[in-house]
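Trainee: So that we are looking at the same thing, I have put the structure below in structure tokens.
Protein chains in written order, with this note's numbering: chain A, 163 to 576; chain B, 194 to 659.
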């Protein structure tokens with residue numbers, strides 16, 4: 163990620179427009195990006211300063227490139243690099259040796275005829291002789307542990323020029339989010355991924371249902387209720403790549419423009435063409451789900467339409483997105499959660515979740531594990547093995563049968 | 194909700210109160226303070242309110258569960274504190290009577306000893322917040338020496354939380370949401386750093402009922418020092434600089450040495466100044482309030498602004514690194530041969546230049562703990578004749594007694610000047626200390642030096658020109 167020092171943004175009509183390199187206006191940047199990648203790929207053994215200078219040199223003739231953008235590129239390149247670190251304190255040991263040898267000759271003076279002090283050149287060559295090395299070599303290593311003088315050891319890199327530019331565009335949005343006070347996401351799907359990553363970023367949510375399959379998530383942090391604070395902006399920035407990997411959403415963030423003090427809005431949607439470095443969310447959690455959906459097909463059965471992760475249940479900061487929702491044409495709906503491989507602890511946690519949301523009609527499809535020697539086997543229908551489940555369960559062996567599900571759905575309606 | 198159990202908990206730097214109705218809240222706490230948080234269906238406020246809130250709940254006589262304090266008493270393995278001087282005792286007594294508030298003492302008058310004495314008597318899980326990493330390590334050392342306790346370190350890529358820990362402001366404001374209920378006493382060293390917009394979270398997100406602020410000056414140029422009363426507590430004790438001088442501190446001279454740029458540097462400096470000025474004048478024709486920040490913002494868009502910005506930095510570089518300064522430094526080193534000498538360089542690059550030119554150790558951010566110790570001890574015992582630093586030593590870093598200091602660059606504010614001076618002017622017999630300010634003549638740096646001397650820390654000192 164970039165830091166605030168790399169952020170470039172325009173403010174127009176109350177909107178924040180983070181710096182963005184587009185195929186149209188910045189076609190030639192692909193070439194620059196390739197050159198920068200080449201500098202790093204061939205740059206093993208060079209110092210950070212040399213690499214940064216080489217990168218700056220790429221843009222020497224470019225009028226449309228602020229210094230911050232170049233620094234941002236070097237930061238993104240450095241993020242994927244490993245530099246040699248002077249772990250054993252070689253440079254520090256050398257300094258100690260040299261400074262101690264020089265101490266008795268202090269001060270080193272330019273010309274020798276002064277009353278006190280010794281000529282600089284003479285002292286330096288004496289020390290070089292003592293250490294049996296050339297002075298220039300010593301001088302070059304004296305501060306080898308300073309960050310700018312560290313040498314590149316490995317460069318993991320980006321796939322190609324466009325990948326680096328894509329990362330840059332996302333990184334600038336993230337940098338703009340550092341000053342965000344709140345973030346609102348209107349989502350039409352991938353609720354589970356969105357909420358899971360928001361939680362991982364330690365954001366708090368406020369959820370509003372907006373009709374069938376539409377939710378509004380407002381994200382901020384604990385202290386946000388006390389005052390507008392940019393404290394959670396970094397968390398929102400961390401969360402952004404996960405959101406970008408999802409489908410069908412738009413996002414609005416309230417950003418406090420620091421020096422002016424006013425708020426501006428940062429708006430983004432899944433149609434803006436920003437690409438995440440994260441893969442899109444997995445379509446299904448398990449093969450059982452995938453095969454069930456395939457067998458059910460797109461058409462309604464007995465009036466029930468099958469929708470994947472279509473409802474979000476929430477209570478305070480607890481969230482539960484059941485795997486499926488069955489929506490009947492008469493408006494009634496039933497939720498279903500599939501539990502494949504499980505342990506008693508897992509099932510207990512699931513039970514706690516179901517108790518929290520006991521006001522909802524939820525079916526629980528639970529796998530019966532096959533008998534296997536040497537391992538304790540918990541049979542879902544065994545008396546001691548199965549925790550009390552506060553939901554109607556449908557046991558299954560290898561695949562969940564449509565007939566069983568439809569039967570329960572029928573009972574449920576009645 | 195009369196049947197609910199009243200529960201007070203610490204939650205990410207805030208307090209969460211459950212089981213109290215709106216009416217109940219008003220009865221216990223009166224107006225204000227708590228905000229209803231529908232995200233968790235409970236009342237919420239800043240963790241800093243813990244001392245007051247728990248008092249009110251106790252007075253209310255209602256049954257409540259206090260889930261906040263996770264701090265414990267601490268046993269000090271080995272107390273080895275120096276006896277306190279009279280004014281230090283007065284500072285400890287003033288704090289002990291109030292248990293939260295700030296003690297103002299000039300640098301060099303033993304603030305750390307006051308804090309250690311307070312920690313020793315409080316014997317509670319304590320977090321010490323210091324401005325920079327060097328000071329954090331220094332506190333760790335002082336706690337080990339004085340209280341025999343090996344304090345945990347939070348910061349500098351370490352997250353090692355012990356009942357007694359040391360940290361920096363930057364780490365504290367990030368981590369306090371997780372640590373805010375683990376320390377009963379928080380010591381804010383150089384606490385004028387605390388009221389920054391985000392940094393203040395280091396105080397706001399802590400539930401510690403006991404707070405000690407330490408500083409040589411309460412002043413902040415943005416006027417936010419007033420907020421310290423809210424974040425730490427009232428000013429409990431104040432020792433003016435003038436009271437310290439001549440008692441704990443030595444007398445000192447300030448000698449300003451203007452240096453002239455080389456002919457080449459000067460013509461380049463003039464050219465850069467002209468570029469920058471022309472640009473600003475031009476922009477101010479259309480926007481009279483056009484300033485530095487606007488320039489930064491615009492340098493992303495127009496090549497002209499970019500050139501102006503480059504000119505600014507090139508100008509600064511010339512001010513910082515004037516060759517002549519190295520020549521002056523050579524003279525000063527010769528003048529004070531045999532006396533340990535401290536040099537503040539103003540930039541990392543200049544500090545390294547000085548170090549490479551004179552082969553004297555420098556203290557920069559890349560230096561490890563071991564090297565720092567070697568360098569500081571080495572200056573004290575005469576192993577090294579001089580030491581150069583950028584600004585790492587700006588505040589409070591314990592230095593050996595030095596009577597000669599040279600400031601080669603760096604910007605001035607009255608606080609910085611006070612602290613730098615305080616550092617140089619250690620009590621050391623009858624010998625007078627000297628602070629040399631080497632500034633480039635005819636540049637902005639010279640203006641800053643004049644500004645510096647207006648600060649009250651310089652009052653009563655003698656100014657000479659070489």
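Backbone N, C-alpha and C fix where the C-beta goes; we use that ideal spot for every residue, glycine too.
Residues of chain B with CB closer than 7 angstroms to the CB of residue 264(A), please, in chain order.
Mentor: Going along chain B in sequence order, the residues near residue 264(A) (Cβ under 7 angstroms) are 552.
Trainee: Taking C-beta to C-beta, are residue 273(B) and residue 375(B) nearer than 7 angstroms?
Mentor: Going by C-beta atoms, residue 273(B) is not nearer than 7 angstroms to residue 375(B).
Trainee: Taking CB distances under 7 angstroms as the criterion, tell me whether residue 527(B) reaches chain A.
Mentor: True, the Cβ-Cβ gap to chain A drops below 7 angstroms.
Trainee: Between residue 266(B) and residue 316(B), is the Cβ-Cβ spacing less than 7 angstroms?
Mentor: The answer is yes: Cβ separation under 7 angstroms.
Trainee: How would you write the range of the beta strand (DSSP E) that residue 210(B) sits in, first residue to last?
Mentor: Residues 207–211.
Trainee: What is the rounded straight-line gap between the Cα of residue 191(A) and the Cα of residue 497(B)?
Mentor: So the two alpha carbons sit approximately 21 angstroms from each other.
Trainee: Tell me whether the beta-carbon of residue 281(B) lies closer than 7 angstroms to the beta-carbon of residue 303(B).
Mentor: Yes, these two residues count as a Cβ contact at 7 angstroms.
Trainee: Look at residue 537(B) and residue 582(B) and say whether their C-beta atoms are less than 7 angstroms apart.
Mentor: For residue 537(B) and residue 582(B), yes; Cβs fall inside 7 angstroms.
Trainee: Are the CB atoms of residue 349(A) and residue 377(A) within a distance shorter than 7 angstroms?
Mentor: For residue 377(A) and residue 349(A), yes; Cβs fall inside 7 angstroms.
Trainee: Taking 7 angstroms as the cut-off, decide whether the C-beta atoms of residue 527(B) and residue 504(B) are in contact.
Mentor: No, the pair does not count as a contact, with Cβ atoms beyond the cut-off.
Trainee: Mind checking residue 327(A): buried by the 16 CB within 10 Å criterion, or exposed?
Mentor: Its Cβ being crowded by 16 or more others within 10 Å, residue 327(A) is buried.
Trainee: Leaving aside the five residues before and after residue 545(A) along the sequence, list all residues of the same chain whose C-beta is less than 6 angstroms from its C-beta, in chain order.
Mentor: Low confidence applies here, because residue 545(A) scores a pLDDT of 38, under 50, leaving its location unreliable; read the following figure in that light. Cβ within range, chain order: n/a, list empty.
Trainee: If you drop the 5 nearest sequence neighbours on each side, which residues of the same chain put their C-beta closer than 7 angstroms to that of residue 517(A)?
Mentor: Taken in chain order, the residues that qualify are 552.
Trainee: Expressed to the nearest angstrom, what Euclidean distance is found between the alpha-carbon atoms of residue 259(A) and residue 312(A)?
Mentor: Whole-angstrom Cα-Cα distance: 21 angstroms.
Trainee: Between 529(A), 497(A) and 503(A), which lies nearest to residue 521(A) when the distance is taken from Cα to Cα?
Mentor: Taking only the C-alpha atoms, the option nearest residue 521(A) is 497(A).
Trainee: Under 8 angstroms by Cβ, that's how I've got residue 629(B) and residue 599(B) pegged, so tell me the actual separation to the nearest angstrom.
Mentor: Between residue 599(B) and residue 629(B) the Cβ distance is about 5 angstroms, and since that is below 8 angstroms, they are a contact.
Trainee: How should residue 482(B) be labelled, buried or exposed, when 16 other C-beta atoms within 10 angstroms of its C-beta is the threshold for buried?
Mentor: It counts as exposed.
Trainee: Residues of chain A with CB closer than 7 angstroms to the CB of residue 523(B), please, in chain order.
Mentor: Under the 7 angstroms cutoff, chain A gives 269, 271 and 272.
Trainee: Please report whether the beta-carbon of residue 198(A) lies at a distance below 7 angstroms from any beta-carbon of chain B.
Mentor: No - not a single Cβ of chain B is within 7 angstroms of the one on residue 198(A).
Trainee: Going residue by residue through the region 534–577 of chain B, where are the continuous alpha helix (DSSP H) segments of at least 4 residues, counting only ones entirely within it?
Mentor: Listed in chain order, they are 541–551 and 562–573.
Trainee: Hey, quick one: how far does the alpha helix (DSSP H) through residue 457(B) stretch, first residue to last?
Mentor: First-last of the alpha helix (DSSP H) with residue 457(B): 456–479.
Trainee: I want to verify the contact list: residues of chain A whose CB lies under 8 angstroms from the CB of residue 561(B), in sequence order.
Mentor: Within 8 angstroms Cβ-Cβ: 251 and 254.
Trainee: When burial is assigned at 16 or more other CB atoms within 10 Å of the CB, is residue 176(A) buried or exposed?
Mentor: So residue 176(A) counts as exposed.
Trainee: Identify the continuous beta strand (DSSP E) that holds residue 555(A) and give its terminal residues.
Mentor: Residues 554–558.
Trainee: To which residues does DSSP link residue 407(B) through a beta bridge?
Mentor: Paired residue(s): 296(B).
Trainee: On the DSSP bridge list, what partners appear for residue 228(A)?
Mentor: The partner list for residue 228(A) (beta bridge, DSSP) is empty, contrary to what the question assumes.
Trainee: Please list, in chain order, the chain A residues whose beta carbon lies closer than 8 angstroms to that of residue 660(B).
Mentor: Residue 660(B) lies beyond the stretch modelled for chain B, which goes from 194 to 659, so this question has no answer here.
Trainee: Check whether the region 410–418 of chain A touches the region 342–359 of chain A, taking contact to mean three or more Cβ pairs, one atom from each stretch, closer than 8 angstroms.
Mentor: Counting Cβ pairs under 8 angstroms, three or more are found: they touch.
Trainee: May I ask you to report which of helix, strand or coil DSSP gives residue 601(B)?
Mentor: Here residue 601(B) sits in coil by DSSP.
Trainee: Quick one: what's got a C-beta closer than 8 angstroms to residue 227(B)'s C-beta in the same chain, skipping five residues either side?
Mentor: Excluding positions up to five away in sequence, the list reads 210, 218, 236, 237 and 238.
Trainee: Per DSSP, what are the beta-bridge partners of residue 629(B) in this structure?
Mentor: Partner(s): 448(B) and 599(B).
Trainee: List the endpoints of the continuous alpha helix (DSSP H) containing residue 728(B).
Mentor: Any question about residue 728(B) goes unanswered here, given that chain B covers just 194 to 659.
Trainee: Taking the straight line between their C-alpha atoms, what separation do you get for residue 417(A) and residue 398(B)?
Mentor: One C-alpha to the other measures close to 22 angstroms.
Trainee: Looking at chain B, is there any beta carbon in it that lies within less than 7 angstroms of the beta carbon of residue 536(A)?
Mentor: With a pLDDT of 44 at residue 536(A), under the threshold of 50, the predicted position of this residue should be treated as unreliable, though the coordinate-derived value follows. By this cut-off, residue 536(A) is not an interface position.
Trainee: What did DSSP end up calling residue 545(A) once you bin it into helix, strand or coil?
Mentor: Summary for residue 545(A): the model assigns pLDDT 38, below 50, so the residue's position carries little reliability; its value from the coordinates is reported in the next sentence. Three-state result, residue 545(A): coil.
Trainee: Does the Cβ-Cβ distance between residue 244(A) and residue 200(A) come in under 7 angstroms?
Mentor: No, the Cβ-Cβ distance between residue 244(A) and residue 200(A) is not below 7 angstroms.
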